[in-house]
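Peer 1:
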Amino acid sequence: MLLSCQGLYAQSAGSLSGSVVSESGIKIPNVLIRFSSKKNNQYSDTEGMFKVSSLPKGDYEIVLSAIGFANLNATIKINSGMVTNQQFVLKEQVQELNEVGVFGKNDAKRSAEQAYQVAVIDARKLHNTTLNIAHALNNVPGIRVRESGGLGSDVDFSLNGFIGNQVKFFIDGIPMENMGNAFRINNIPINMAERIEVYKGVVPVTLGADALGGAINIVTNSGRTNYLDASYAVGSFNTHKASLNLASNSKSGFTLMINAFQNYSKNNYWIESETPVNQYGQVELVRARRFHDRYKNEMLMLGLGVRNKTWADQLIFGIDFGRYVKDIQSGATMEDVYGERESKGVTILPSVKYLKRNLLLKGMDLNVSGNFNFGHDRIIDTANRQYNWLGQVIRKSAATGSERSRMDSRYRNNDGVFTSNLSYRINERHSLVLSNNYTTFKRVNHDLLPDGNDQFANRPNTIVKNVLGISYRYDHSAKWSTSVFGKYFHQTSRSFMNVNGVDNPRHEDYDWRSNVFSTKGYGLATTYFITPVLQVRSSYEKGVRVPTSGELFGNMNELDGNIQLKPESSDNINLGMIYSPVINKTHFFIFDAAFLYRNSKDFIRPSLLKTMRSTLLRMVNLRDVDNKGLEASIRYRFKNKINLGTNISYQNLINRTKYEGGHNDMVSIVYKDRIPNMPYLFGNADASYTFNKPFGTDGTLTFGYQLQYVHAYYEGWPSLGDRSGKITIPKQWNHNANMIYSFKGGKYNLTVESLNLTDALLYDHFKLQKPSRAFNAKLRYFLFNAK
Numbered sequence: 187m188l189l190s191c192q193g194l195y196a197q198s199a200g201s202l203s204g205s206v207v208s209e210s211g212i213k214i215p216n217v218l219i220r221f222s223s224k225k226n227n228q229y230s231d232t233e234g235m236f237k238v239s240s241l242p243k244g245d246y247e248i249v250l251s252a253i254g255f256a257n258l259n260a261t262i263k264i265n266s267g268m269v270t271n272q273q274f275v276l277k278e279q280v281q282e283l284n285e286v287g288v289f290g291k292n293d294a295k296r297s298a299e300q301a302y303q304v305a306v307i308d309a310r311k312l313h314n315t316t317l318n319i320a321h322a323l324n325n326v327p328g329i330r331v332r333e334s335g336g337l338g339s340d341v342d343f344s345l346n347g348f349i350g351n352q353v354k355f356f357i358d359g360i361p362m363e364n365m366g367n368a369f370r371i372n373n374i375p376i377n378m379a380e381r382i383e384v385y386k387g388v389v390p391v392t393l394g395a396d397a398l399g400g401a402i403n404i405v406t407n408s409g410r411t412n413y414l415d416a417s418y419a420v421g422s423f424n425t426h427k428a429s430l431n432l433a434s435n436s437k438s439g440f441t442l443m444i445n446a447f448q449n450y451s452k453n454n455y456w457i458e459s460e461t462p463v464n465q466y467g468q469v470e471l472v473r474a475r476r477f478h479d480r481y482k483n484e485m486l487m488l489g490l491g492v493r494n495k496t497w498a499d500q501l502i503f504g505i506d507f508g509r510y511v512k513d514i515q516s517g518a519t520m521e522d523v524y525g526e527r528e529s530k531g532v533t534i535l536p537s538v539k540y541l542k543r544n545l546l547l548k549g550m551d552l553n554v555s556g557n558f559n560f561g562h563d564r565i566i567d568t569a570n571r572q573y574n575w576l577g578q579v580i581r582k583s584a585a586t587g588s589e590r591s592r593m594d595s596r597y598r599n600n601d602g603v604f605t606s607n608l609s610y611r612i613n614e615r616h617s618l619v620l621s622n623n624y625t626t627f628k629r630v631n632h633d634l635l636p637d638g639n640d641q642f643a644n645r646p647n648t649i650v651k652n653v654l655g656i657s658y659r660y661d662h663s664a665k666w667s668t669s670v671f672g673k674y675f676h677q678t679s680r681s682f683m684n685v686n687g688v689d690n691p692r693h694e695d696y697d698w699r700s701n702v703f704s705t706k707g708y709g710l711a712t713t714y715f716i717t718p719v720l721q722v723r724s725s726y727e728k729g730v731r732v733p734t735s736g737e738l739f740g741n742m743n744e745l746d747g748n749i750q751l752k753p754e755s756s757d758n759i760n761l762g763m764i765y766s767p768v769i770n771k772t773h774f775f776i777f778d779a780a781f782l783y784r785n786s787k788d789f790i791r792p793s794l795l796k797t798m799r800s801t802l803l804r805m806v807n808l809r810d811v812d813n814k815g816l817e818a819s820i821r822y823r824f825k826n827k828i829n830l831g832t833n834i835s836y837q838n839l840i841n842r843t844k845y846e847g848g849h850n851d852m853v854s855i856v857y858k859d860r861i862p863n864m865p866y867l868f869g870n871a872d873a874s875y876t877f878n879k880p881f882g883t884d885g886t887l888t889f890g891y892q893l894q895y896v897h898a899y900y901e902g903w904p905s906l907g908d909r910s911g912k913i914t915i916p917k918q919w920n921h922n923a924n925m926i927y928s929f930k931g932g933k934y935n936l937t938v939e940s941l942n943l944t945d946a947l948l949y950d951h952f953k954l955q956k957p958s959r960a961f962n963a964k965l966r967y968f969l970f971n972a973k
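With this note's numbering as the guide, the letters of the sequence shown map in order to residues 187 to 973.
1) From the DSSP output, read off the bridge partner residues of H321.
2) Spell out a yes or no on whether the stretch 371-388 and the stretch 756-776 are touching, meaning 3 or more CB-CB pairs, one atom from each, closer than 8 Å.
3) With a threshold of 6 Å on Cβ separation, who are the neighbours of I649 within its own chain once the five nearest residues in sequence on each side are excluded?
4) Establish whether the CB of D340 and some CB of chain D are separated by less than 7 Å.
5) Out of Y949, W497 and A960, point me to the one whose CA is closest to R181's CA.
6) Would I840 pass as a contact of K858 if the rule is Cβ separation under 7 Å?
7) In this structure, how does DSSP classify Q572 when only helix, strand and coil are distinguished?
8) Leaving aside the five residues before and after R629 along the sequence, list all residues of the same chain whose C-beta is less than 7 Å from its C-beta, in chain order.
9) Could you tell me the boundaries of the alpha helix (DSSP H) in which L738 lies?
10) Measuring alpha carbon to alpha carbon, tell me which of G525, K311 and L545 ends up nearest S174.
11) Taking the straight line between their C-alpha atoms, what separation do you get for R966 and F929?
12) Does the distance from the C-beta atom of V732 to that of F675 stay below 7 Å?
13) What number of angstroms, rounded off, separates the C-alpha of L654 from the C-alpha of N216?
14) With a 10 Å radius around its C-beta and 16 neighbouring C-beta atoms as the bar for buried, classify F868 as buried or exposed.
15) Per the DSSP calculation, T843 is bridged to which residue(s)?
16) From what residue to what residue does the beta strand (DSSP E) around D661 run?
17) Let me check understanding here. Comparing Cα to Cα, which of I404, T411 and Q837 lies closest to N971?
18) Could you name the residues that DSSP lists as bridge partners for Q955?
19) Can you find the residues in the same chain that come closer than 7 Å, C-beta to C-beta, to G932, ignoring five residues on each side of it along the sequence?
20) If we call anything under 7 Å between Cβ atoms a contact, is N807 one with D788?
21) On the CB-based measure, 16 or more other CB atoms within 10 Å of its CB, does G204 come out buried or exposed?
22) For Y845, does the count of other Cβ atoms within 10 angstroms reach 16, so buried, or fall short, so exposed?
23) Do you know how far the Cα of A873 is from the Cα of F824?
24) Using only CA atoms, which one of A711, K814 and S429 lies nearest to N314?
25) Considering F961, what are the terminal residues of the beta strand (DSSP E) in which it resides?
26) I'd like to confirm the pairing. Which residues does DSSP put opposite I834 in its beta bridges?
27) Is it buried or exposed for E285, if we count other Cβ within 10 angstroms and need 16 for buried?
28) Find out if the Cβ-Cβ distance for the pair I264, G338 is shorter than 7 Å.
29) Based on the DSSP secondary-structure assignment, which residues constitute the bridge partners of Q136?
30) Between the Cα of S436 and those of K495, R476 and D415, spot the shortest distance and give me the residue it belongs to.
31) My assumption, with CB atoms under 8 Å, is that N983 sits in contact with G602. Please give the rounded CB distance.
32) Within a Cβ cutoff of 6 Å, which residues of the same chain sit near I371, ignoring the five residues on either side of it in sequence?
33) Identify whether N284 lies in helix, strand or coil by the three-state DSSP scheme.
34) Could you work out which residue in L202, R330 and E209 is closest to Y895 when comparing CA atoms only?
35) Cβ of N346 within 7 Å of Cβ of N870?
36) Alpha carbon to alpha carbon, how far is L720 from I828? Give it in angstroms, no decimals.
Next up, the structure:
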């Protein structure tokens with residue numbers, strides 16, 4: 187009888203699950219779902235999701251409430267079984283309690299208040315601009331994004347003095363290192379992101395990678411359930427950019443996501459450079475257009491799956507298709523000019539994501555993902571002639587030759603990334619996270635020349651890497667939170683390579699070389715709110731970063747491989763403070779300041795490698811480097827009309843390698859020198875003013891201005907050479923301006939902007955020139971349906 191009664195109750199009882207979002211489609215955590223009986227009250231989780239079980243059959247009056255939003259009353263009918271995928275939309279509202287304004291926090295604000303030293307970009311505010319991810323990051327304190335040219339050019343990322351692969355990139359917590367050249371931070375449109383999280387110095391184990399000096403996590407628009415975001419931009423140098431982002435979720439739990447974008451540019455902007463003007467080597471300073479710098483890439487990312495099932499909160503199967511074609515105009519410096527050299531590639535990346543909350547135990551969540559790249563890249567250099575910057579052929583050989591190194595090489599960088607995170611919230615104060623990141627890499631190179639040598643085809647370069655992490659978090663109260671963590675790294679790499687270092691190697695100059703190592707890292711992060719608007723935080727990490735495939739094996743272009751590279755490590759310390767007062771509920775301020783210290787061992791940095799035919803880059807270990815830095819920013823907002831902001835960053839990277847080349851009795855001449863070719867003082871400023879209903883109807887019109895400043899710095903070591911003859915990257919001022927008109931509640935948007943407004947001569951690393959003045963226009967259509 188007892189079993190029968192229980193069976194009857196189970197059949198008559200039901201459950202309710204769903205999500206809570208804002209009017210703009212952003213998921214809202216910590217929403218209280220109140221039932222009239224008060225027995226089944228529930229809170230939404232960090233993803234805005236909730237589930238209530240064991241509800242007897244009947245009608246229920248529920249009230250949803252959250253800070254910063256108006257209460258929502260709803261009636262739900264529960265029959266036998268489960269009512270799923272109910273979505274509730276809350277309207278934003280400023281509430282007043284005894285003259286104290288209480289404002290809700292969005293995901294960007296909550297991310298910025300972590301114990302880690304983290305800066306957060308609310309990418310939604312930039313969706314009407316033509317920015318890509320790299321250019322949006324360039325406005326964050328401590329970050330410099332240096333490009334070798336225009337759209338699609340090689341990019342060098344720097345965060346608090348850490349460069350390139352020392353900073354890792356993620357998309358929704360998944361490493362981007364194997365997504366191919368068609369998907370890079372300087373060609374991803376900003377519309378793909380909801381926010382961008384910048385972790386400085388200390389990286390949480392949930393990201394699960396070997397980041398030495400920080401990490402960038404691009405969070406996509408996964409919070410919106412049904413939306414369409416389409417845009418098209420056109421600009422100078424025959425530049426065209428198109429973007430489409432779409433998501434659809436049915437009541438049954440089926441979900442579809444599409445992200446697609448295309449970029450094209452001739453990149454024929456003006457440059458000034460010395461160049462040979464005849465076959466006798468006569469050199470003149472010329473102003474000319476780049477003539478061989480076309481770039482085109484396309485990317486299509488599809489996701490199909492289900493959400494809010496009893497066996498899976500999310501299961502998404504995806505496939506990414508991408509391709510690019512890129513003319514190669516120059517080498518590591520502007521001395522090397524190419525007129526026919528090019529590269530191209532294809533990305534084919536299947537993936538899977540699985541999320542299950544409350545797995546086995548309440549508070550235990552499992553998040554697993556994996557992908558594998560089956561794509562390939564190709565480098566073509568078969569023209570037996572030499573060009574100058576005027577596009578003229580100044581030297582031609584009757585024999586078979588090339589512009590730099592003769593090749594028609596197709597190589598497959600087939601690599602996979604497999605991540606898993608198991609988190610367990612023991613109670614309100616204690617939680618644990620166990621993570622693992624496993625990656626594989628295999629490069630197979632095929633020589634496609636008729637007279638080519640395919641000796642590498644059956645001798646692939648390989649890497650296997652594993653990063654294991656564990657973290658414990660203690661939340662003493664809403665004011666104080668602390669996390670401690672540890673990481674273990676192991677990597678094995680193997681390469682068939684030129685071991686004699688000759689410019690024109692023969693078969694006997696090649697042999698196998700291996701590199702195997704294991705190491706560990708650890709750290710902690712803590713934060714305390716002295717008052718609700720004054721937060722202090724500090725963090726420390728023994729960071730470790732192992733060499734990447736490009737650094738070990740080269741990139742088949744301007745980067746030469748170095749299989750002997752060792753992992754680099756760094757003691758990273760951050761101390762920061764955020765003060766965000768509100769005056770008279772109309773004046774909003776944010777003061778953010780931080781001190782950083784980095785003490786790095788076996789620091790990996792680029793070094794010029796001169797050969798008989800060209801100039802290459804090779805990554806090398808510089809034994810000891812330390813960095814003391816400061817960064818500060820101030821932001822001010824008056825209502826929704828005026829926005830002002832400025833920030834400044836100072837980083838002093840010093841070479842602490844006292845003895846070089848095994849000579850312990852001779853101090854290096856560059857000991858205590860500042861690291862060359864690295865900006866050490868730079869900043870940004872911006873201002874905007876918004877007119878509401880500018881033409882008497884719905885809409886906003888915003889005028890904006892942005893300034894970027896970089897102080898002058900040496901290209902080479904300060905102690906080498908005569909001061910008057912040193913090559914210096916000059917002081918630079920970059921001015922940008924825009925106008926954005928948005929109407930029909932943000933459904934239609936028009937943007938006009940000017941980049942490098944004063945047509946200044948802008949440089950990056952090794953004085954590679956950036957685009958001259960450009961004008962762009964963008965049309966954007968955005969449609970959101972919460973139902």
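C-beta atoms are modelled at their ideal positions from N, C-alpha and C, and glycine is treated no differently.
Peer 2: The relevant details are as follows:
1) Paired residues: none, contrary to the question.
2) As far as the Cβ criterion goes, the stretch 371-388 touches the stretch 756-776, which means the pair count is three or higher.
3) Annotation for I649: F627, S679 and S735 place their beta carbon closer than 6 Å to its own, counting only its chain and skipping 5 residues before and after.
4) Note that chain D does not occur in the displayed structure, where there is just one protein chain.
5) Residue 181 is absent from the model: the chain starts at 187 and stops at 973.
6) The Cβ atoms of I840 and K858 lie closer than 7 Å to each other.
7) Annotated three-state conformation of Q572 is strand, per DSSP.
8) Excluding sequence positions up to five before and after R629, its CB lies within less than 7 Å of the CB of Y597, R598, N599, P646, N647, S735 and F739, all in the same chain and listed in chain order.
9) Counting along the chain, the alpha helix (DSSP H) containing L738 begins and ends at S735 to F739.
10) A query on residue 174 cannot be resolved here, the shown segment of the chain reaching from 187 to 973 and no further.
11) Rounded to the nearest whole angstrom, the C-alpha separation of R966 and F929 is 11 Å.
12) Yes.
13) One alpha carbon belongs to L654, the other to N216, and they sit about 31 Å apart.
14) Label assigned to F868: buried.
15) Beta-bridge pairing links T843 to no other residue.
16) Under the DSSP assignment, D661 falls in the beta strand (DSSP E) whose first and last residues are N647 to D661.
17) Nearest to N971 by alpha-carbon distance, out of I404, T411 and Q837, is T411.
18) Answer is Y949.
19) So the list reads F968, once near-sequence residues are dropped.
20) Yes, they are a contact pair.
21) Buried, since its Cβ has 16 or more Cβ neighbours within 10 Å.
22) With fewer than 16 Cβ atoms within 10 Å of its Cβ, Y845 is classed as exposed.
23) One C-alpha to the other measures close to 12 Å.
24) Nearest neighbour of N314 by Cα position, chosen from A711, K814 and S429, turns out to be S429.
25) That run of the beta strand (DSSP E) goes A960 to F970.
26) BP columns for I834 point to A818 and G869.
27) Its pLDDT being 38, under 50, E285 is placed unreliably in this model, and the value from its coordinates should be taken loosely. Burial check for E285: the Cβ neighbour count within 10 Å stays below 16, so the residue is exposed.
28) Not closer than 7 Å, so no.
29) The requested residue 136 is not part of the displayed model; the chain covers only 187 to 973.
30) Nearest C-alpha to S436: K495.
31) Not covered by the structure: residue 983. The range shown for the chain is 187 to 973.
32) For I371, where only same-chain residues beyond five positions count, the Cβ hits under 6 Å are I319 and A320.
33) Any answer about N284 is weak, because its pLDDT of 39 lies below 50 and its placement is not dependable; what the coordinates show is given next. The answer is coil: DSSP assigns N284 none of H, G, I, E or B.
34) Looking only at L202, R330 and E209, the smallest Cα-Cα distance to Y895 is reached by R330.
35) For N346 and N870, no; Cβs fall outside 7 Å.
36) Cα to Cα, the separation comes out at about 23 Å.
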